[in-house]
Amino acid sequence: MIYLDNAATTRTHSEVVEAMLPYFTSKYGNPSSVYSSGSAGRKAINEARRSVAEVIGAKPEEIYFTSGGSEADNWALKAVAEGYLHKGRHIITTKIEHHAILRTCQYLETQGFEVTYLDVDREGMVDPKQLKEAMRQDTILVSVMAANNEIGTMEPIGEIGRITRERGVLFHTDAVQAFGHVPICVEELGIDLLSASAHKLNGPKGVGMLYIRAGVKTGALIHGGGQEREKRAGTENVPGIVGFGAAARRAVENMERAAGRERELRDYLIRRIEKEIPDCRLNGHREKRLPNNVNFSFPVLEGESLVIMLDMKGICASSGSACASGAEDPSHVLLAIGLKQEEAKGSLRLTLSEENTKEEMDYVADTLKQIVTKLRKISYIS
2 MIYLDNAATT RTHSEVVEAM LPYFTSKYGN PSSVYSSGSA GRKAINEARR SVAEVIGAKP
62 EEIYFTSGGS EADNWALKAV AEGYLHKGRH IITTKIEHHA ILRTCQYLET QGFEVTYLDV
122 DREGMVDPKQ LKEAMRQDTI LVSVMAANNE IGTMEPIGEI GRITRERGVL FHTDAVQAFG
182 HVPICVEELG IDLLSASAHK LNGPKGVGML YIRAGVKTGA LIHGGGQERE KRAGTENVPG
242 IVGFGAAARR AVENMERAAG RERELRDYLI RRIEKEIPDC RLNGHREKRL PNNVNFSFPV
302 LEGESLVIML DMKGICASSG SACASGAEDP SHVLLAIGLK QEEAKGSLRL TLSEENTKEE
362 MDYVADTLKQ IVTKLRKISY IS
């Protein structure tokens, strides 16, 4: 099997699994208890919090563990909306955000908030000038993702952070795809809240985090006990949090090397596809994109058919966001960058890891060329 769907989820690394195992077996005590098994879990959570904070240059006490990126996105938007209601009811985001952002914004609109959805250009880039023009006296939050989960475009979050700081508006970024893969420093970039998820960087599923800059006013997400400094009640997922910490440490140590290898393989695969498969379109920014992201559209073809036929050849790929699998409508991201419906439906996303090889990229390119040729013959005949 050649696995090229790392934007959907990644393999939990053996080092991460090994770090987690004791907290399922010998160190399974409740971390809120006073006996040694519980205190071991509490210590491990604190260590993981430091490791996760290090990835983005944050303080450990600014990290709050969640069940994943979607929960963190929901929490960020709803908490700011509630906490800054006295300042205004206007929120700005983009048309290409993850559904965890877009649907939370839609919910907030039913609660009396007004949301501006910014357009993006053909490469999926937000225009900071348009953002500045959209800001109002009652704007309380700007939420722009660090990198798009479908087309890989990396947004100018540093410039956005400077604008929001100048205007005194909070800035949240969904960094689920970027966290641990590209350098992020929340202080340098002017980020007030940031969402991330462990399973996108070889950690376990079911655990994520929300960074909340010290001084940002947010209420509790879940009421109950005093966990997560009384902001998210419930017994902590100690094995998951430990796994997140281990994955974060590994990401910091390997980031530069892994990104370099992924870029090399990414660009090689892009060159082969563009050279050998006519009438295809690379989606997303050519340079300002995630190191591992390849997204193409093949007009007339159905992305789902490409994915199924690649799977039959031992290649795992995606026709878009895994969170929208089963949806009949074309990707909202691809429509937002100007693709026609038939172009958007013929999209294919290939997301690599450092474990992939050049030989695998050759096999993928050869196989994809055969499949596209075959499907086009069928479509032209029909």
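According to our numbering, the sequence shown is numbered sequentially starting from 2.
Even glycine gets a Cβ: it sits at the ideal position worked out from N, Cα and C.
For residue j and residue i, believed in contact at Cβ under 8 Å, the rounded distance
i: K206; j: I141; result: About 32 Å separates the two Cβ atoms, so there is no contact after all.
i: A248; j: N294; result: Not quite, the Cβ-Cβ distance comes to about 19 Å (not below 8 Å), so this is no contact.
i: R168; j: G191; result: At roughly 11 Å, the Cβ-Cβ gap does not stay under 8 Å, so R168 and G191 are not in contact.
i: V143; j: T165; result: 5 Å
i: I278; j: K370; result: 5 Å
i: H200; j: T11; result: 6 Å
For residue i, the first and last residue of its enclosing alpha helix (DSSP H)
i: S319; result: Counting along the chain, S319 falls outside any alpha helix (DSSP H), and DSSP gives it neither H nor E.
i: N75; result: G70 to G84
i: N150; result: That residue, N150, is in no alpha helix (DSSP H); it is neither H nor E in DSSP.
i: F245; result: V239 to E277
i: L336; result: H333 to A337
i: L103; result: H100 to T111
i: S15; result: S15 to M21
8 Å Cβ shell around residue i - same chain, five flanking residues per side excluded
i: L109; result: L78, K79, A82, I92 and V116
i: S306; result: L376
i: A215; result: K60, E62 and E63
i: V127; result: T95, L119, V121, V145, E156, P157 and I161
i: N238; result: F66, S68, G207 and V208
Neighbourhood of residue i by C-beta, 7 Å cutoff - its chain only, sequence neighbours within 5 removed
i: V53; result: I64, M210, F245, G246 and A249
i: G153; result: G285, R290, L291, N294 and N296
Proximity of residue i and residue j at Cβ, strictly below 7 Å
i: K314; j: T368; result: yes
i: R123; j: G339; result: yes
i: S298; j: V308; result: no
i: P129; j: P157; result: yes
i: I57; j: V187; result: yes
i: E189; j: A259; result: no
i: A176; j: L195; result: yes
Extent of the continuous beta strand (DSSP E) run through residue i
i: H91; result: H91 to T95
i: S350; result: The question names Ser, but residue 350 in the sequence shown is Arg. Looking at the DSSP string, the run of the beta strand (DSSP E) that includes R350 is S348 to T352.
i: G1; result: With the chain represented from 2 up to 383, any question about residue 1 goes unanswered, as that position is not in the structure.
i: I309; result: No beta strand (DSSP E) contains I309, which is instead part of the alpha helix (DSSP H) from G304 to M313.
i: I46; result: Run containing I46: none in the beta strand (DSSP E); it sits in the alpha helix (DSSP H), S37 to I57.
i: I64; result: I64 to T67
i: V295; result: N294 to S298
i: V194; result: For the sequence presented, residue 194 should be read as Leu rather than Val. Segment L194 to S198, the beta strand (DSSP E) holding L194.
Own chain, CB closer than 6 Å to residue i, minus 5 neighbours either side, in chain order
i: F66; result: M210 and I242
i: K133; result: I164
i: L302; result: G347 and L376
i: A325; result: Its pLDDT being 49, under 50, A325 is placed unreliably by the model, and the measurement read from it follows with that caveat. Nothing meets the Cβ criterion.
What residue ranges within the region 119 to 191 form continuous alpha helix (DSSP H) runs of no fewer than 4 residues, ordered along the chain? Taking only runs of at least 4 residues, the alpha helix (DSSP H) segments lying wholly in the region 119 to 191 are 129 to 135, 158 to 168 and 187 to 190.
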